[in-house]
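Note sheet for the following structure.
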Amino acid sequence: MAINVEGLVAIVIFYLLILIVGIWAAWKNKNSGVLEGTDRSETIMVGGRDIGLFVGGFTMTATWVGGGYINGTAEYVYLPDYGLAWAQAPFGYALSLVVGGLFFAKPMRSRGYVTMLDPFQQIYGKRMGGLLFIPALMGEIFWSAAILSALGATLSVIMDMNINMSVVISALIAIFYTLVGGLYSVAYTDVVQLFCIFVGLWISVPSALAHPAVSDIGVTALQRVHQAAWLGRVDKRDMWTWVDNFCLLMLGGIPWQVYFQRVLSASSATYAQVLSFLAAFGCLVMAVPSVLIGAIGASTDWNQTSYGAIPPKDKNQSDMILPIVLQHLCPSYVSFFGLGAVSAAVMSSADSSILSASSMFARNIYQLAFRQSASDREIVWVMRITIFVFGALATTMALLTGTVYGLWYLSSDLVYVIIFPQLLCVLFVRGTNTYGSVAGYVFGLLLRIGGGEPYLKLPAFIHYPGCYVNDEGILIQKFPFKTVSMLASLLGNVLFSHLAKYLFESGKLSAKYDVLDAVMSKHSEEIMDKTTLVNRNVIGLSELAPVKPRLSVTLAATFTRKETLTEEDDDSSPDSPHSLKNE
0 MAINVEGLVA IVIFYLLILI VGIWAAWKNK NSGVLEGTDR SETIMVGGRD
50 IGLFVGGFTM TATWVGGGYI NGTAEYVYLP DYGLAWAQAP FGYALSLVVG
100 GLFFAKPMRS RGYVTMLDPF QQIYGKRMGG LLFIPALMGE IFWSAAILSA
150 LGATLSVIMD MNINMSVVIS ALIAIFYTLV GGLYSVAYTD VVQLFCIFVG
200 LWISVPSALA HPAVSDIGVT ALQRVHQAAW LGRVDKRDMW TWVDNFCLLM
250 LGGIPWQVYF QRVLSASSAT YAQVLSFLAA FGCLVMAVPS VLIGAIGAST
300 DWNQTSYGAI PPKDKNQSDM ILPIVLQHLC PSYVSFFGLG AVSAAVMSSA
350 DSSILSASSM FARNIYQLAF RQSASDREIV WVMRITIFVF GALATTMALL
400 TGTVYGLWYL SSDLVYVIIF PQLLCVLFVR GTNTYGSVAG YVFGLLLRIG
450 GGEPYLKLPA FIHYPGCYVN DEGILIQKFP FKTVSMLASL LGNVLFSHLA
500 KYLFESGKLS AKYDVLDAVM SKHSEEIMDK TTLVNRNVIG LSELAPVKPR
550 LSVTLAATFT RKETLTEEDD DSSPDSPHSL KNE
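Residue numbers 0 to 582, in numbering that gives the first Met the number 0, belong to the letters of the sequence shown in order.
This is the structure:
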């Protein structure tokens, strides 16, 4: 395959544009937060908490509208056995943003947290926060891998370049501009990337539709022409699988650091909610050209194109249908914008995930769990190192795992099953503690892993109702076991929390067996935030006298923010003494 010169030039131009914007954003905001006394590490993680509606709306939308989103949606619309009916991501993630904005954005932002894991460590302790970091990290790595895999696939179509080399080069570029300016560079480059992808795709769609090899997509939506109708359908026997996957996208799309990083960087709790709603609308709008391109691919007689007689689905290139359509069905001057813009824009999620993973590690693991007295400069260097490390892990996953949508679903599984029910409990359920958190974690993990994972070649040891073995010898689960695992985790947390509380407080178990200090040690000086406790009427002023101040940076101090004193408390949050618990 000869090098596509137009595509190569477009990539260079758009990459340079993004790098220049990223460096400019870092320079423009290099002193942000200094006058207010904000740590440099916190500025990198959540900016100056001054992201407005314009930049915030773009960056939150661009976080979801990345390579996995646009390529995965086009791929599923194109695949004959699936079609639009199975392209659940646009509506699933749009609804997740709506639900997140309605119920989760306000309590998280109004309390002034820095990362998604902060409330877990504040209530369940630093060790439980470390356990919850594992699925959160895996989710970010899998998500980044999906983005890099999609980007590598795009570049391999544009140029005569090995797909592995494409992934590595793309990862290095994303890591570089993420390292330059933290959240500010990510946010401002997201604005450019979203504009590029919008213009690039919408310029390309009319040209592709006008190609003589493309049949009327209105006809091919309902009738078989070159392959099965692209609208697709959901068979009755697949209904529970469809519902399970949709719930995974809708609810599993909420507890992500990439989402809460934008929420926590908003200038107010109300702005955080509005940003979520704007991003939901943006996700739906940006999905339209991907759906049309997938439909165009399903309506094309490839024998009349420069691609060749064998359709992409028969060459195992369904995941690259979007760049294939842009290159072979559009004029060169159109593909210049389409391929170049898409190649640059699909990095808009990879940079966010890498920054999110490094933020959680630097703050919740390194600083709060191991080095509470670490200096701000030390935390910044830890973030820089982990950006490279997590970028390398994501690159490795992109090289070793297959389909884009498979990576996409896999990245949400552990977050949905383990972290979502924990987040519900920590924000809205009264009386949960560390014992319940551990039980819910174990229940969700065992039930999910027990169902197997074909993409990781992980065999199932729990055969749920309706399962069967396909022609390749792989066990296929038809039961909605992911949602069942999530519900089991939620119930396990609540039940075991109350059981532990009853056993210790009734005296049936001695206080010496409260090894996690989750029930009896109600006045732990390690995590008690005096401002928050008095403000929420959990503890009286007279009870504060025995508490001795500590010279080192404590876990409690890291959660004390001026926003907590100025913003109105969320009425839906649990107002219980469990915010006094230690690890």
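We put the beta carbon where it would ideally sit given N, CA and C, even for glycine.
{"Check": "Please name the residue, chosen from C246, F102, K27 and S206, that lies closest to V414 on a Cα-to-Cα basis.", "Outcome": "C246"}
{"Check": "Could you check the C-alpha separation between S264 and I309 for me, to the nearest Å?", "Outcome": "49 Å"}
{"Check": "Going by DSSP, which residues form a beta bridge with E452?", "Outcome": "L457"}
{"Check": "List the whole-angstrom C-beta distance separating S289 from A73, where the pair is believed to meet the contact cut-off of C-beta under 8 Å.", "Outcome": "5 Å"}
{"Check": "Quick one: what does DSSP say L221 is sitting in, helix, strand or coil?", "Outcome": "coil"}
{"Check": "DSSP three-state call for L78: helix, strand or coil?", "Outcome": "coil"}
{"Check": "Mind checking who T299 pairs with in its DSSP beta bridge?", "Outcome": "V213"}
{"Check": "May I have the straight-line CA-CA distance separating V437 from S143, to the nearest angstrom?", "Outcome": "28 Å"}
{"Check": "What is the C-beta distance between F259 and M107, in whole angstroms, given that I count them as a contact (C-beta under 8 Å)?", "Outcome": "6 Å"}
{"Check": "Measure how close the beta-carbons of F197 and M285 come, nearest whole angstrom, since I'm counting them as under 8 Å.", "Outcome": "7 Å"}
{"Check": "Please report the straight-line C-alpha distance between A373 and Q366, rounded to a whole angstrom.", "Outcome": "6 Å"}
{"Check": "Within 10 Å of its beta-carbon, does P330 have 16 or more other beta-carbons around it, so buried, or fewer, so exposed?", "Outcome": "exposed"}
{"Check": "If contact is defined by three or more beta carbon pairs under 8 Å, each pair taking one atom from either stretch, is the region 246-257 in contact with the region 93-100?", "Outcome": "yes"}
{"Check": "So for A227, helix, strand or coil by DSSP?", "Outcome": "coil"}
{"Check": "Looking at the unbroken alpha helix (DSSP H) that takes in S484, where does it start and where does it end?", "Outcome": "F480 to E504"}
{"Check": "For the putative contact between M359 and A135, defined by C-beta atoms under 8 Å, what is the C-beta separation to the nearest angstrom?", "Outcome": "6 Å"}
{"Check": "Using only the alpha-carbon positions, how far apart do A297 and G281 sit?", "Outcome": "25 Å"}
{"Check": "Quick check: the region 385-395 against the region 113-127, are there 3 or more CB pairs under 8 Å?", "Outcome": "no"}
{"Check": "Along the chain, where does the alpha helix (DSSP H) containing I384 start, and where does it finish?", "Outcome": "D375 to L399"}
{"Check": "Excluding the 5 residues preceding and the 5 following L457 in the sequence, name in chain order all residues of the same chain whose CB lies nearer than 6 Å to its CB.", "Outcome": "G451"}
{"Check": "So, with DSSP's three-state summary, where would you put L508?", "Outcome": "coil"}
{"Check": "Helix, strand or coil for I320? Go by DSSP, reduced to three states.", "Outcome": "helix"}
{"Check": "Expressed to the nearest angstrom, what Euclidean distance is found between the alpha-carbon atoms of I323 and A271?", "Outcome": "38 Å"}
{"Check": "Per DSSP, which one or two residues make a beta bridge with Y467?", "Outcome": "I475"}
{"Check": "So what does I50 bridge to, in DSSP terms?", "Outcome": "A265"}
{"Check": "Using the Cα positions of I585 and I353, report the straight-line distance between them to the nearest angstrom.", "Outcome": "Outside the shown range of the chain (0 to 582) lies residue 585, about which nothing can therefore be said."}
{"Check": "Please classify Y404: does DSSP put it in a helix, a strand, or coil?", "Outcome": "Legend: pLDDT at Y404 = 48, less than 50; position of this residue unreliable, no value from coordinates given."}
{"Check": "Can you name the start and end residues of the alpha helix (DSSP H) that F197 belongs to?", "Outcome": "I162 to L208"}
{"Check": "Out of curiosity, what's the CA-to-CA distance linking K27 and W201?", "Outcome": "32 Å"}
{"Check": "Smallest Cα separation from W23: which of L474, V185 and V11?", "Outcome": "V185"}
{"Check": "Alpha carbons only, please: which of L474, Y68 and F460 is nearest the one belonging to F90?", "Outcome": "Y68"}
{"Check": "Apart from the five residues on each side of it in sequence, which residues of its chain come closer than 8 Å, Cβ to Cβ, to K640?", "Outcome": "Look at the range of the chain in this structure, 0 to 582, and you will see that residue 640 is not part of it."}
{"Check": "DSSP state of D117, grouped into three classes?", "Outcome": "helix"}
{"Check": "Just to confirm, is the Cβ distance from D189 to T58 under 7 Å?", "Outcome": "yes"}
{"Check": "Could you give the distance in angstroms between the alpha-carbon of L171 and the alpha-carbon of G21?", "Outcome": "14 Å"}
{"Check": "Span of the alpha helix (DSSP H) holding W239?", "Outcome": "M238 to G251"}
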